[in-house]
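Here the structure is laid out as structure tokens; the discussion comes afterwards.
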Amino acid sequence: MPETSTSEQTTTTSPGENAGRPEWAAAQRIVVKIGSALLVDRATGILKKDWLASLMQDVAVLARMGKQIVLVSSGAIALGRHTLKLPAGPLDLEESQAAAAVGQISLAHAYQEFARGHGLIAAQVLVTLGDTEERRRYLNARHTIDRLLVMRALPVVNENDTVATTEIRYGDNDRLSARVASMISADCLVLLSDIDGLYTAPPNAGVDACRLDVVTEITPEIEAMAGDAGTELSKGGMKTKIEAAKIARAAGCNMVIASGKLEHPLAAVGQGCAATWFLAPSDPVTAKKRWISGQLEPKGVVIVDEGAVVALSSGKSLLPAGVKAITGTFDRGDVVVIRTQAGLDVGRGLIAYASADAQRIIGKKSRDAAEILGFEGRPELIHRDDMALNRAHGVA
Ligand code: GLU
1499 MPETSTSEQT TTTSPGENAG RPEWAAAQRI VVKIGSALLV DRATGILKKD
1549 WLASLMQDVA VLARMGKQIV LVSSGAIALG RHTLKLPAGP LDLEESQAAA
1599 AVGQISLAHA YQEFARGHGL IAAQVLVTLG DTEERRRYLN ARHTIDRLLV
1649 MRALPVVNEN DTVATTEIRY GDNDRLSARV ASMISADCLV LLSDIDGLYT
1699 APPNAGVDAC RLDVVTEITP EIEAMAGDAG TELSKGGMKT KIEAAKIARA
1749 AGCNMVIASG KLEHPLAAVG QGCAATWFLA PSDPVTAKKR WISGQLEPKG
1799 VVIVDEGAVV ALSSGKSLLP AGVKAITGTF DRGDVVVIRT QAGLDVGRGL
1849 IAYASADAQR IIGKKSRDAA EILGFEGRPE LIHRDDMALN RAHGVA
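In this note's numbering, each number is its position in the sequence shown, counted from 1, plus 1498.
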């Protein structure tokens, strides 16, 4: 059952008066989704610079605390339609794509400028649905964002609206941001929107509704609380936010819906402002392991030596050196079974090399792999983050 405590204890407070949730304090890697309605003035179609400046100030504070921040920002269509002087009202797909192509430039520029003001380097990352669903591209996108974070850059993600088609697109940045959060193993996803959380009834339902502080499970009752409404500028309503919560929770990531209507929205989250937190299951690793071990069809088997089993059980990645043999035909990013020479299944994982390449580097040192293959691949055959080990064998 979801926890249905209401908002009494968590109304907006002054800094420091009311500490935020421990999940926020503990979060190291945070994805923040910014809705169009917050960033772009609906009447004029102009960027809300003061608001963006306050957001970037918050981001800079978090970055100084050593936290890694990824922004997923909408606003391309809203800005572009203004520049193109398109009439008010719904746009068809081609019109929104054209508007996005125009608006994305302004959007990226704005982030670059405001990030620079705090000594931060903004990086534009445009992704399509296929990039997060297809495992090879998923791994690539993940490694790029990881690398940007290591370089202390600030990735600013949006959907690549110009190439998305009706069938193959997110269309809303709620779910996209959840996919990104799950892709990069973020601890926390913040959905900044024009509403401060999930209410027991949709705002337009005409009944008294109260905001939930915490949701610990997405039950049919919780789903029923989400209305469908979105504004003209943003595609997401509460429904897509609940979908996002499912994606985030399955990846072990906490999610919070908070209002971005006031300035300094992230500082407000840190101070425990009114919001709805969707808490991930307490053992987040288990959720990801379930995803890898339960939902995918293994394409091959890697037979590992005893040394590798010991390394895996202490939380290390699987290196080519520890692999004795490989069977099956697979691509980079496919799921394979990890098996001992005695025939015991140790777990499963997403492999970083296609079978033909993997065959050539097994038993070899990672540093020799590039020379053997003629291209620079990952040092590990299966990264520990991409691995679900069987607890039954004491290696979880
Ligand atoms: N990608 C769209 C844009 O930048 C926004 C989608 C959404 O509103 O969630 O305008």
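Glycine included, each C-beta is placed from N, C-alpha and C at the ideal position.
For Phe1612, which residues from the same chain have a beta carbon less than 7 angstroms from its beta carbon, with the 5 sequence-adjacent residues on both sides left out? Hits under 7 angstroms: Leu1550, Ala1551, Met1554.
Quick check: does the Cβ of Glu1657 come within less than 7 angstroms of any heavy atom belonging to the ligand GLU? Checking every heavy atom of the ligand GLU against the Cβ of Glu1657, one is found closer than 7 angstroms.
Check whether the region 1553-1570 touches the region 1705-1713, taking contact to mean three or more Cβ pairs, one atom from each stretch, closer than 8 angstroms. No, the region 1553-1570 is not in contact with the region 1705-1713.
For a test of the three-state rule: what should DSSP assign to Ser1534, helix, strand or coil? Note: Ser1534 maps to helix in three-state DSSP.
For a test of your reading of the model: does the CB of Gln1670 fall under 7 angstroms from any non-hydrogen atom of the ligand GLU? Yes or no. Looking at the sequence itself, residue 1670 is Asp, so the reference to Gln does not match. For Asp1670, the shortest separation between its Cβ and any heavy atom of the ligand GLU lies below 7 angstroms.
Three-state secondary structure (DSSP) at Ile1720? Ile1720: helix per DSSP, three-state reduction.
CB of Ile1824 within 8 angstroms of CB of Ser1853, strictly: For Ile1824 and Ser1853, yes; Cβs fall inside 8 angstroms.
Residues sharing a beta bridge with Pro1653, DSSP: According to DSSP, which records beta bridges pairwise, Pro1653 is partnered with Ala1621.
Pick helix, strand or coil for Ile1544, following the three-state DSSP scheme. Residue state, collapsed to three classes: coil.
Contact between the region 1569-1579 and the region 1588-1608 (3+ Cβ pairs under 8 angstroms): Result yes; three or more Cβ-Cβ pairs closer than 8 angstroms.
Give me the Cα-Cα distance between Gly1617 and Gly1770, rounded to the nearest whole angstrom. When rounded, the distance between both Cα atoms is 27 angstroms.
Excluding the 5 residues preceding and the 5 following Ile1619 in the sequence, name in chain order all residues of the same chain whose CB lies nearer than 6 angstroms to its CB. Same-chain partners within the cutoff: Ala1651.
Stretch pair the region 1716-1725 + the region 1643-1661: three plus CB contacts closer than 8 angstroms: Too few Cβ pairs lie closer than 8 angstroms, so no.
Whole angstroms are fine: how far does the CA of Gly1533 sit from the CA of Val1654? Val1654 and Gly1533 have their C-alpha atoms roughly 13 angstroms apart.
Whether Pro1818 touches Gly1861 by CB criterion (8 angstroms): Remark: C-beta atoms of Pro1818 and Gly1861 approach each other more closely than 8 angstroms.
Below 8 angstroms, how does it come out for the region 1668-1677 and the region 1517-1526: are there three or more Cβ pairs, yes or no? These segments do not touch.
Return yes when the Cβ of Gly1798 is within less than 8 angstroms of the Cβ of Gly1841, no when it is not. No; because the gap between Cβ atoms is not below 8 angstroms, this pair is not in contact.
Is the beta carbon of Asp1685 closer than 8 angstroms to that of Ala1524? Contact flag set, yes.
Run the proximity test for Ser1572: is its beta-carbon closer than 7 angstroms to any non-hydrogen atom belonging to the ligand GLU? It does: the Cβ of Ser1572 is within 7 angstroms (strictly closer) of some heavy atom of the ligand GLU.
For the ligand GLU, any of its heavy atoms closer than 7 angstroms to the Cβ of Ala1606? No; taking the cut-off as 7 angstroms, the Cβ of Ala1606 has no heavy atom of the ligand GLU nearer than that.
Measure the alpha-carbon distance for Gln1610 versus Arg1645 and round it to whole angstroms. Gln1610 and Arg1645 have their C-alpha atoms roughly 18 angstroms apart.
Quick check: is any heavy atom of the ligand GLU less than 7 angstroms from the C-beta of Ser1691? No, the ligand GLU has no heavy atom inside 7 angstroms of this Cβ.
Can you give the Cα-Cα distance for Gly1875 and Ala1586, rounded to whole angstroms? Between the alpha carbons of Gly1875 and Ala1586 lies a distance of about 49 angstroms.
Under three-state DSSP, which class holds Thr1642? Three-state result, Thr1642: helix.
Applying the criterion that 16 or more other CB atoms from any shown protein chain within 10 Å of the CB defines a buried residue, is Leu1687 buried or exposed? Looking at its Cβ environment, which holds 16 or more other Cβ atoms inside 10 Å, Leu1687 is buried.
Can we count Ala1746 as close to the ligand GLU, meaning its CB is less than 7 angstroms from some heavy atom? Answer for Ala1746: no, Cβ out of range of the ligand GLU.
Cβ shell of Ala1867 (< 8 angstroms), same chain only, five flanking positions each side left out: Taken in chain order, the residues that qualify are Pro1818, Ile1859, Gly1875, Pro1877.
Does the ligand GLU have even one heavy atom less than 7 angstroms from the beta-carbon of Ile1575? When distances are taken from the beta-carbon of Ile1575 to the heavy atoms of the ligand GLU, the shortest one is below 7 angstroms.
What separation, rounded to the nearest whole angstrom, lies between the Cα atoms of Asp1855 and Ile1836? Their backbone Cα atoms lie some 17 angstroms apart in a straight line.
Span of the beta strand (DSSP E), counted from its first residue to its last, around Ile1880: Neither: Ile1880 is in no beta strand (DSSP E) and is coded neither H nor E.
Is the distance from the Cβ of Leu1536 to the Cβ of Leu1545 below 8 angstroms? The Cβ-Cβ distance between Leu1536 and Leu1545 does not fall below 8 angstroms.
Rounded distance between the beta-carbons of Gly1847 and Val1834, thought under 8 angstroms: The pair is a contact, with the Cβ atoms about 6 angstroms apart (cut-off 8 angstroms).
With hydrogens ignored, establish whether the beta-carbon of Ala1598 is closer than 7 angstroms to any heavy atom of the ligand GLU. Yes, Cβ of Ala1598 sits closer than 7 angstroms to a heavy atom of the ligand GLU.
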